[in-house]
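> Submitted below is the structure of interest, expressed as structure tokens.
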Amino acid sequence: MFHDKSILVTGGTGSFGRRFIATVLQRYQPRRLIVFSRDELKQYEMAQHFTDPCMRFFLGDVRDGQRLIQATRDVDFIVHAAALKQVPAAEYNPMECIKTNIHGAQNVIEAALTNEVEKVIALSTDKAANPINLYGATKLASDKLFVAGNNLAGRQRTRFSVVRYGNVVGSRGSVVPFFRKLVAEGADKVPITDIRMTRFWITLQEGVDFVLDSFARMHGGEVFVPKIPSARIGDLAEAIAPGLAHRIIGIRPGEKLHEVMVPVDDAFHTLEFADHYVIQPSIQFVTEPDFAIDATGDRGVAVADTFEFNSGTNPRFLTVDEIRRLFDHAT
């Protein structure tokens, strides 16, 4: 579906953007593949690696609506990956987080509608479900904006959906490089927030593949959630820094003990498919598709009213050996 199409990735110089670009170039023959970001150095470095004639590099910030309108002319698909993502930084710089994550989302939506982009997928996070920190709250607002964008589109072709997943193996800012640095420096302890803490984990390639699959599946308005495993923070520390003692430092501002990707409050409009869940929109659209049958023909079934996809009660947990193999493979 991406052959001879124009695709734009906001935040395209990040970990996700680089892997997404590499995957699309390997599997498809797009007409244009546009990296949209505000970091000229990263764009320069990326341009040395990705030299395909279809590549385009646009400097711009999602806070700048007019620049987005210029960049999205004649674009068929948008992946919105740009965001401020560091939880503590968002707590201390709330206005900046709101400008990028909420106002930026609105600008992407308006640019897509102005230029009648065919499909838009916005990347979300498990922290957007029942958020307790500002980052999660801004991403929940972003998710709501993208879902409601389908009503703004009315009967024009533009459709918006959201992909929500957990921590990404190998992404920048992960705890893993920090643990490895401590090991390399000869530390005798690793800091652990709370030994009971759990998190969802997905590899970068799995995240990219899920987004690509979601473009094919989407009607518009869905929040797509992959079925991915959890890991305990203690097991993660043992996998990365075997044998080292743990120093309990307590949960940081804005952190949860466990993360949620499908809250129980959303269970009544959540569908289960073979490898993912779909949270249907809670608002009524001008055109109302049958979300139980996706655009590829796969059929989902309603989950129980008490269902919740929680990293602490997830039926699939990674063992220490599985975590070690997962992270070794990712690097």
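Here my numbering is used: the first residue of the sequence shown is 14, the next is one more, and so on.
C-beta: ideal position from N, C-alpha, C; glycine also.
Assuming residue 134 contacts residue 228 under a Cβ cut-off of 8 Å, what Cβ separation, rounded to an integer in Å, is found between them?
6 Å
> Can you have a look at residue 275 and say buried or exposed, based on whether 16 or more other CB atoms are within 10 angstroms of its CB?
buried
> Closest by CA to residue 24, which one among 149, 169, 33?
33
> Measure the alpha-carbon distance for residue 252 versus residue 161 and round it to whole angstroms.
42 Å
> If you scan the segment 174-223 from start to end, which runs of the alpha helix (DSSP H) of 4 or more residues do you find wholly inside it?
188-197
> Look up residue 286 in the DSSP assignment and say whether it is helix, strand or coil.
coil
> When DSSP labels each residue in this structure, what does residue 100 get in the three-state scheme?
helix
> Suppose only complete runs of 3+ residues qualify. What are the beta strand (DSSP E) ranges in the segment 230-288, listed by chain order?
236-239, 243-245, 258-261, 273-275, 283-285
> Could you give the distance in angstroms between the alpha-carbon of residue 122 and the alpha-carbon of residue 132?
Spanning the alpha carbons of residue 122 and residue 132 requires a straight line of approximately 11 Å.
> For a test of the three-state rule: what should DSSP assign to residue 91, helix, strand or coil?
It is a strand residue.
> Please state whether DSSP places residue 315 in a helix, a strand or coil.
In the three-state reduction of the DSSP assignment, residue 315 falls in the strand class, which pools E and B.
> Can you give the Cα-Cα distance for residue 29 and residue 125, rounded to whole angstroms?
21 Å
> If residue 232 sits next to residue 304, beta carbons under 8 Å apart, how far is it from one beta carbon to the other, in whole angstroms?
6 Å
> Does residue 62 pass the burial test, meaning 16 or more other C-beta atoms within 10 Å, or should it be called exposed?
exposed
> How far does the alpha helix (DSSP H) with residue 155 in it extend, from its first residue to its last?
147-166
> With DSSP as the reference, please indicate the residues paired to residue 135 in a beta bridge.
93, 175
> Indicate the three-state DSSP secondary structure (helix, strand or coil) for residue 51 in the structure shown.
In the structure shown, residue 51 sits in coil (DSSP, three-state: anything other than H, G, I, E or B).
> For residue 78, which residues of its own chain have a beta-carbon under 7 Å away from its beta-carbon, when the five flanking residues on both sides are left out?
120, 123, 124
> Can you give the Cα-Cα distance for residue 31 and residue 205, rounded to whole angstroms?
30 Å
> Please identify the residue among 286, 236, 271, 241 whose C-alpha is closest to the C-alpha of residue 279.
Residue 236 is the option with its Cα nearest to residue 279.
> Mark residue 242 as exposed unless 16 or more other C-beta atoms lie within 10 angstroms of its C-beta, in which case mark it buried.
Its Cβ being crowded by 16 or more others within 10 Å, residue 242 is buried.
> Within 10 angstroms of its Cβ, does residue 239 collect 16 or more other Cβ (buried), or is it exposed?
Result: buried.
> Would you report the Cα separation of residue 89 and residue 338, rounded to the nearest angstrom?
Rounded to the nearest angstrom, the gap between the Cα atoms of residue 89 and residue 338 is 37 Å.
> Tell me whether residue 296 sits in a helix, a strand or coil according to DSSP, three-state version.
coil
> For the 8 Å Cβ check, are there 3 or more pairs between the segment 205-215 and the segment 322-329?
The segment 205-215 vs the segment 322-329: in contact.
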